[in-house]
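Residue numbers (my numbering): 1293 to 1935.
Beta carbons are placed, not taken as given, at the ideal position from N, Cα and C, and that holds for glycine.
Computed from a predicted model, the values in this text were never measured in an experiment.
Worksheet for the structure shown next.
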């Protein structure tokens, strides 16, 4: 894996942190009840994790067993409240499954480097949280203030010490000399080290494997079991609670009606999955007069005290992401998203998307008489118009949410779960043979139009690298399970080496019940222009850049071949025992499939839907692997499914 790809995936870690939401079926569980029922950690998890983890380096496994065992012992020494706050903030060792996955990743060089990058990049958020919180003396009890501030500062400093152990000593020493910083000043050295390096450069400074895996095991154990982590976690929670309450202050944001913002806050509060807020509080928050009164803010603060840290995190993250989406999403896309949310709401179908959540929340409040608005779309449109084009309002909002420490914490990466809708779609798809495979045919890679299509469907080089990792794993598993694939050896023009290509084709039916082909694989895409003489010593590196993943869809009919994709027909399998499928395919025998114009947003979403369904062929352990998660995150984002 290239350092560019690694850096991109580590950066994705911060953008898509796991939103671990406490879910109670009756939405009737308080924080006190969660604390009272919070269990101790089972020491046997370590032994079971060793048995279940992929075979790994012995030194790494030994260090993990020692470090994680000591950490579980420390966690069990905490009282229930401290243990809950600790594991709500840092969840690397929160379960046997988490420990098993962690042990497997530590022994994989690519996964260990990605994990190390993620933890290093998260330090900036932790550093900022600590600085913000200790400035707020009103958040501390006068009697214990000095001890708690000392605990937070100690945690930050010792975290910096641990993270510097991940860096190659020679490079760290050279950097300390260049910056004229005493190596013992760990906090200052780490701050400058991270500040002065691009992500790709940072990836190259890490210790080599297996040393990195050993140090990572020790570092994670030290952080997860740190005696001051509960203090950091609780004060971070206090700061977030106060942050949410202060959103109700009239005139909080220049150019934004505070009463409108309070209604949005109320909608998200109403739809949290842990605990239903009292209607008296919601009624005050949605009232144009009482939303900013001290009594309302006091009642809100008391309710927020009953929520779990991750529930409060999610409330603020959702608010931040909503404003980002409202301001950046093109109006036609927003209108379509709200139309989808409205349709699901009217059918009684739960919509966990961001806009679905706020739409259903506002509609529920309206029907219960707790909110007076004519229509949700009009209300949101009014809010957007207040902010759009108002640079002061936009800057005010951005500055505000940058102060929210919950946006960047120390958490495990987002795990995107399978979606039953796409599992059902996969069951309606069938691998088939076609007269033409790949982009332009057997041993003919995609041209410049294919490159343009990939940019629209997948993204730039960083996204293509990430998608390629997941695609390769999917194709490998399909081949292992006997799914028909087309394989070929191909020597691209301008290069001396042959490459292996794999292509797959699925037959399905689209929303109008018309036959549709999903074509995907790994192929060679022609570079723009000829290779220059000065680059001839880098042929292997250049070739790797041109081997890329792709996917596109084809329909029967007279469509413009915008991808320069050759039309194709089905090649029927005479031994097909599925009479229904065989008969259906026979009716398509003489029809040609042609490429869909992927300039249209709906066509892109259709292709992404079928590609995401194909990934559902993977078993759960492969689905949850970082390579696949990185690929499907791009599809989730394309389909507006990011939770």
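Integer-rounded CB distance, given that residue 1765 should sit under 8 Å from residue 1616: Taking the chain shown and counting its residues from 1, the one referred to as residue 1616 is at position 324. Taking the chain shown and counting its residues from 1, the one referred to as residue 1765 is at position 473. The pair is not a contact, with the Cβ atoms about 31 Å apart (cut-off 8 Å).
Do the CB positions of residue 1385 and residue 1494 come within less than 8 Å of each other? Taking the chain shown and counting its residues from 1, the one referred to as residue 1385 is at position 93. Taking the chain shown and counting its residues from 1, the one referred to as residue 1494 is at position 202. Between residue 1385 and residue 1494, the C-beta gap is not smaller than 8 Å, which leaves the two residues out of contact.
Work out the CA separation of residue 1779 and residue 1863 for me, nearest whole Å. Start at 1 with the first residue of the chain shown, and residue 1863 comes out as number 571. Start at 1 with the first residue of the chain shown, and residue 1779 comes out as number 487. If you take the alpha carbons of residue 1863 and residue 1779, they lie about 16 Å apart.
Name the two residues that bound the continuous alpha helix (DSSP H) containing residue 1670. What you label residue 1670 is simply residue 378 of the chain shown in a count that begins at 1. That run of the alpha helix (DSSP H) goes 1668-1679.
Drop a sphere of 10 angstroms on the beta-carbon of residue 1801, count the other beta-carbons inside from all chains shown, and report buried for 16 or more, exposed for fewer. Here the question's residue 1801 lines up with position 509 in the chain shown. Residue 1801 is classed as exposed because its beta carbon has fewer than 16 other beta carbons within 10 Å across all chains shown.
Return the CA-CA distance between residue 1356 and residue 1522, expressed in angstroms with no decimal places. Residue numbering aside, residue 1356 sits at position 64 when the chain shown is read from its first letter. Residue numbering aside, residue 1522 sits at position 230 when the chain shown is read from its first letter. In a straight line, the C-alpha of residue 1356 is about 22 Å away from that of residue 1522.
For residue 1315, which residues in the same chain have their Cβ closer than 8 Å to its Cβ, ignoring the five residues on either side in sequence? On the chain shown, position 23 is the one that residue 1315 refers to. For residue 1315, where only same-chain residues beyond five positions count, the Cβ hits under 8 Å are 1565, 1566.
How big is the Cα-Cα spacing for residue 1602 and residue 1380? The residue labelled residue 1602 in the question sits at position 310 within the chain shown. The residue labelled residue 1380 in the question sits at position 88 within the chain shown. Cα to Cα, the separation comes out at about 6 Å.
Any chance you could list the alpha helix (DSSP H) runs of at least 4 consecutive residues sitting entirely within the stretch 1464-1489, in chain order? 1478-1487
Does the contact criterion of 3 or more C-beta pairs under 8 Å hold for the stretch 1807-1820 versus the stretch 1834-1848? yes
Our contact map puts residue 1799 next to residue 1724 with C-beta atoms below 8 Å; I'd like the distance itself, whole angstroms only. Residue mapping note: residue 1799 aligns to position 507 of the chain shown, counting from 1. Residue mapping note: residue 1724 aligns to position 432 of the chain shown, counting from 1. With 8 Å as the limit, residue 1799 and residue 1724 qualify as a contact, their Cβ atoms being about 5 Å apart.
Smallest Cα separation from residue 1750: which of 1359, 1513, 1890? Translated into positions along the chain shown, residue 1750 becomes position 458. Per the Cα distances, 1890.
What are the partner residues of residue 1567, as DSSP defines its beta bridges? One-based indexing of the chain shown puts residue 1567 at position 275. For residue 1567, which the question treats as bridged, DSSP gives the partners 1320.
Assuming the contact rule is C-beta atoms closer than 8 Å, residue 1756 and residue 1767 should be a hit. Round their C-beta distance to whole Å, please. For this step, residue 1756 is matched to residue 464 along the chain shown. For this step, residue 1767 is matched to residue 475 along the chain shown. Incorrect: roughly 15 Å between the Cβ atoms, too far for contact.
Counting Cβ pairs closer than 8 Å, one from the stretch 1443-1459 and one from the stretch 1471-1486, do we hit at least three? yes
Which runs of the alpha helix (DSSP H) fall wholly inside the stretch 1575-1618 and span at least 4 residues, in chain order? 1586-1596
Going by DSSP in three states, residue 1794 sits in which element: helix, strand or coil? Taking the first residue of the chain shown as position 1, residue 1794 is located at position 502. Reduced to three states, the DSSP call for residue 1794 is strand.
Name the residue from 1687, 1814, 1542, 1906 whose alpha carbon lies nearest to the alpha carbon of residue 1722. As a first step, residue 1722 is located in the chain shown; it is residue number 430 there, counting from the start. The residue with the shortest Cα to Cα distance from residue 1722 is 1906.
Under the criterion of a Cβ to heavy atom distance below 7 Å, does residue 1451 qualify as lining the ligand PLP? What this structure holds is no ligand at all, so the ligand PLP is not there to describe.
Give a yes or no on whether the C-beta atoms belonging to residue 1435 and residue 1531 are separated by under 8 Å. Here the question's residue 1435 lines up with position 143 in the chain shown. Here the question's residue 1531 lines up with position 239 in the chain shown. With respect to the 8 Å criterion, residue 1435 and residue 1531 are not classified as neighbours on the basis of their beta carbons.
Out of 1787, 1816, 1762, 1769, which one is the CA nearest neighbour of residue 1730? Here residue 1730 refers to the residue found at position 438 of the chain shown. If we check each option's Cα against that of residue 1730, 1816 comes out closest.
Residue range of the alpha helix (DSSP H) that residue 1720 falls in? Position 428 of the chain shown holds residue 1720. That residue, residue 1720, is in no alpha helix (DSSP H); it is neither H nor E in DSSP.
Hey, quick one: how far does the alpha helix (DSSP H) through residue 1781 stretch, first residue to last? If you number the chain shown from 1, residue 1781 lands on position 489. No alpha helix (DSSP H) contains residue 1781, which is instead part of the beta strand (DSSP E) from 1778-1782.
Name the two residues that bound the continuous alpha helix (DSSP H) containing residue 1708. The residue labelled residue 1708 in the question sits at position 416 within the chain shown. Neither: residue 1708 is in no alpha helix (DSSP H) and is coded neither H nor E.
When the Cα atoms are used, what is the spatial distance from residue 1536 to residue 1654? Along the chain shown, read from residue 1 onward, the residue named residue 1536 stands at position 244. Along the chain shown, read from residue 1 onward, the residue named residue 1654 stands at position 362. Distance between the alpha carbons of residue 1536 and residue 1654 is about 18 Å.
Given this structure, state the Cα-to-Cα distance separating residue 1726 from residue 1848, to the nearest angstrom. As a first step, residue 1726 is located in the chain shown; it is residue number 434 there, counting from the start. As a first step, residue 1848 is located in the chain shown; it is residue number 556 there, counting from the start. Near 13 Å, if we compare the C-alpha coordinates of residue 1848 and residue 1726.
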